[in-house]
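Undergrad:
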Amino acid sequence: AQSVAQPEDQVNVAEGNPLTVKCTYSVSGNPYLFWYVQYPNRGLQFLLKYITGDNLVKGSYGFEAEFNKSQTSFHLKKPSALVSDSALYFCAVRDRGNKLTFGTGTQLKVEL
Amino acid sequence: DAGVTQSPTHLIKTRGQQVTLRCSPISGHKSVSWYQQVLGQGPQFIFQYYEKEERGRGNFPDRFSARQFPNYSSELNVNALLLGDSALYLCASSKPGTQQGADTQYFGPGTRLTVL
Numbered sequence: 491a492q493s494v495a496q497p498e499d500q501v502n503v504a505e506g507n508p509l510t511v512k513c514t515y516s517v518s519g520n521p522y523l524f525w526y527v528q529y530p531n532r533g534l535q536f537l538l539k540y541i542t543g544d545n546l547v548k549g550s551y552g553f554e555a556e557f558n559k560s561q562t563s564f565h566l567k568k569p570s571a572l573v574s575d576s577a578l579y580f581c582a583v584r585d586r587g588n589k590l591t592f593g594t595g596t597q598l599k600v601e602l
Numbered sequence: 386d387a388g389v390t391q392s393p394t395h396l397i398k399t400r401g402q403q404v405t406l407r408c409s410p411i412s413g414h415k416s417v418s419w420y421q422q423v424l425g426q427g428p429q430f431i432f433q434y435y436e437k438e439e440r441g442r443g444n445f446p447d448r449f450s451a452r453q454f455p456n457y458s459s460e461l462n463v464n465a466l467l468l469g470d471s472a473l474y475l476c477a478s479s480k481p482g483t484q485q486g487a488d489t490q491y492f493g494p495g496t497r498l499t500v501l
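Note that the protein sequences, when read in sequence, are chains A and B.
The first sequence lines up with residues 491 to 602 when you count with the working numbering.
The second sequence lines up with residues 386 to 501 when you count with the working numbering.
1) What is the C-beta distance between A:Phe536 and B:Thr489, in whole angstroms, given that I count them as a contact (C-beta under 8 Å)?
2) Whole angstroms are fine: how far does the CA of B:Gly401 sit from the CA of A:Phe564?
3) Please check if any C-beta of chain B sits within less than 7 Å of the C-beta of A:Thr603.
4) Going along the chain, which residues of its own chain have a beta-carbon closer than 8 Å to the beta-carbon of B:Gln403, five neighbours each way excluded?
5) Can you give the Cα-Cα distance for A:Asn502 and A:Gly519, rounded to whole angstroms?
6) Counting only runs that start and end within the region 561 to 600 of chain A, where is the beta strand (DSSP E) found for 3 or more residues in a row?
7) Count the CB pairs spanning the region 508 to 524 of chain A and the region 572 to 591 of chain A that are closer than 8 Å, and state whether there are at least three.
8) Let's see if you can read the secondary structure: which residues bound the beta strand (DSSP E) around B:Arg452?
9) Just verifying my parser: in three-state terms, what is the DSSP assignment at B:Tyr457?
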């Protein structure tokens, strides 16, 4: 069965500093990987995905993610964090049937 | 284009009651999936429908059922509500499988169900 792990419940970073939110995965076959963001009392907003191709994927709002097959990781990154990036971030893996399996989420707090 | 819409926004029910949640996909999307998000956890897959047929079902009891209509909107029904059914119910839609980007699901704002 496929699974995703987000080892950090919370990540704190100062505004203007780079941020990383970690994700590791377990799948059989080629992984389809996604990052979503959730603001309070809202649904999930798609940020980016890795299907195939370049290991560095660029997405919305300046976010990018690095796919590392040998480490089975798909970490979310941003060069310069904003206070408005504070939210709950979910990593997910998709199976062949388009079912998403999500991690437990990482709360990102960006402070002035 | 309008995104995925869900109704109602909030709902309060008592144990043993039944509830129906509604979802309208993005125009042109033919696949709808339902997820349950309990507070403090990631969303859990409940159902997927494509072209009005069930294409996948998660590990949920038979009290949960769903259907998709000819206009691709969908309903999720939960019978005999339990306290543990309190959650945010999310609907997601995606393009037909033959189209580029069909692998991405777009989520609605969710329906917050509280069972007392």
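Note that the Cβ used here is the ideal one computed from N, Cα and C, for glycine as well.
TA: Reading off the structure:
1) Going by Cβ atoms, the distance from A:Phe536 to B:Thr489 rounds to 6 Å, so yes, they are a contact pair.
2) Distance from the CA atom of A:Phe564 to the CA atom of B:Gly401, rounded to whole angstroms, is 42 Å.
3) Here chain A comprises residues numbered 491 to 602, so residue 603 of chain A is not present and cannot be evaluated.
4) If the five residues before and after B:Gln403 are omitted, its C-beta is found closer than 8 Å to the C-beta atoms of Asn462, Val463, Asn464, Ala465 and Leu466, all from its own chain and listed in chain order.
5) 34 Å
6) 563 to 568, 577 to 584 and 590 to 592
7) yes
8) Where B:Arg452 is concerned, the enclosing beta strand (DSSP E) stretches over Phe449 to Gln453.
9) coil
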